[in-house]
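Residue numbers (UniProt numbering): 1 to 293.
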């Protein structure tokens, strides 16, 4: 684990998965990130690459070949190399090798940077295509889980989610196949932007918001005050998720570029929903932020 800190926060990032694993708020003297209790969910904030969610039937197709791919890809389960560390940043890198190319036939470099700036954590991804002549196709997403509630005498159902608009459309995942039921969107009606976290909100898994609907979102204490605010402007999809068990004391705010396949999708990787494309020798940077209020 690598740590950096300032007067307000101390954060820890693990070599394994380059995963943000601790956000300690010095003002509250409390941990704000979920601490991976395996009774509910044994991760903190995995980076989802080169796939977000599941591919239909557990395989993707590329140039006529089939490749097995596990949920959310493999980067979260690999050890990264520490590229650099400063007083306010930690930078890790993962590069393709012969093993990754057996299941994902592309050259890539994934650089993950965490920057501590006052009360805000900047999460930066840079995907590079080092190939001389082959394109790179990928999806990438965040999956940070935040403590909810943050005090012992409270319940998750006491808390609220605050959106930057008053009505959104969302889709659900078909549990048997892990496909997105995109043909049957539902409307999420909000009260001045607030959504109560009721006992049944996550009964059917994640709520998936497409079409750039979520650009800022907050987790709020029972009085409606934000304590976590994520800015993810420019991300095409977003997932809101926790275990359906009301005893699970966390909520995940998940900015995605790409997601699970649509119901019935049987095409090749470049045709996948919101699949990203990089030409040889090109790169792309993306950033979202986490503010602790």
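Virtual Cβ for every residue (Gly too), placed ideally from N, Cα, C.
Annotation for residue 168: 188, 209 and 213 place their beta carbon closer than 7 Å to its own, counting only its chain and skipping 5 residues before and after.
In the three-state reduction of the DSSP assignment, residue 56 falls in the helix class, which pools H, G and I. Counting along the chain, the unbroken beta strand (DSSP E) around residue 254 starts and ends at 250-257. Distance from the CA of residue 103 to the CA of residue 48, rounded to the nearest whole angstrom, comes to 15 Å. Within 10 angstroms of the beta-carbon of residue 57 lie fewer than 16 other beta-carbons, which makes it exposed. Residue burial is scored here from C-beta neighbours: residue 63 has fewer than 16 other C-beta atoms within 10 angstroms and is therefore classed as exposed. As a beta-bridge residue in DSSP terms, residue 126 pairs with 111 and 285. Where residue 177 is concerned, there is no enclosing beta strand (DSSP E), because DSSP gives it neither an H nor an E. By the CB criterion at 7 Å, residue 130 and residue 109 fall inside the cutoff.
With fewer than three CB-CB distances shorter than 8 Å, the segment 170-177 does not count as touching the segment 144-160. Out of 250, 183, 291 and 193, the CA that lies nearest to the CA of residue 44 is found in 250. By the C-beta criterion, the segment 2-18 is judged not to be in contact with the segment 231-250, since fewer than 3 inter-stretch pairs fall below 8 Å. Membership of residue 100 in the alpha helix (DSSP H) is indicated by the continuous run 98-103.
Nearest neighbour of residue 287 by Cα position, chosen from 111, 28, 281 and 106, turns out to be 111. With fewer than 16 other Cβ atoms inside 10 Å of its own Cβ, residue 59 counts as exposed. Judged by DSSP secondary structure, residue 141 falls within the beta strand (DSSP E) whose first and last residues are 140-142. Between residue 256 and residue 141, the CB-CB gap stays under 7 Å. When DSSP states are grouped into helix, strand and coil, residue 271 belongs to the helix group. When secondary structure is reduced to three states using DSSP, residue 165 falls in the coil class, being assigned neither helix nor strand.
Annotation note: the segment 207-241 contains the following uninterrupted beta strand (DSSP E) runs of length 3 or greater, listed N- to C-terminal: 207-209, 216-220, 226-231 and 237-241. Under DSSP, residue 82 takes part in a beta bridge, and its partners are 92. At a Cβ-Cβ threshold of 7 Å, residue 240 and residue 228 do not count as neighbours. Judged by DSSP secondary structure, residue 14 falls outside any beta strand (DSSP E); it is assigned neither H nor E.
Between the alpha carbons of residue 258 and residue 51 lies a distance of about 8 Å. Collapsing the DSSP output to three states places residue 196 in a strand.
At the C-beta level, residue 88 and residue 71 stay beyond 7 Å of one another. Our two residues, residue 75 and residue 96, have alpha carbons roughly 10 Å apart in a direct line. Residue burial annotation: residue 200 is exposed, with fewer than 16 other C-beta atoms found within 10 angstroms of its C-beta. In terms of Cα proximity to residue 191, the closest of 246, 161, 264 and 30 is 161. Cβ-Cβ distances below 6 Å link residue 195 to 161 in the same chain, with the five nearest sequence neighbours on each side left out; the list follows chain order.
Annotation for residue 190: no beta strand (DSSP E) segment contains it, and DSSP assigns it neither H nor E.
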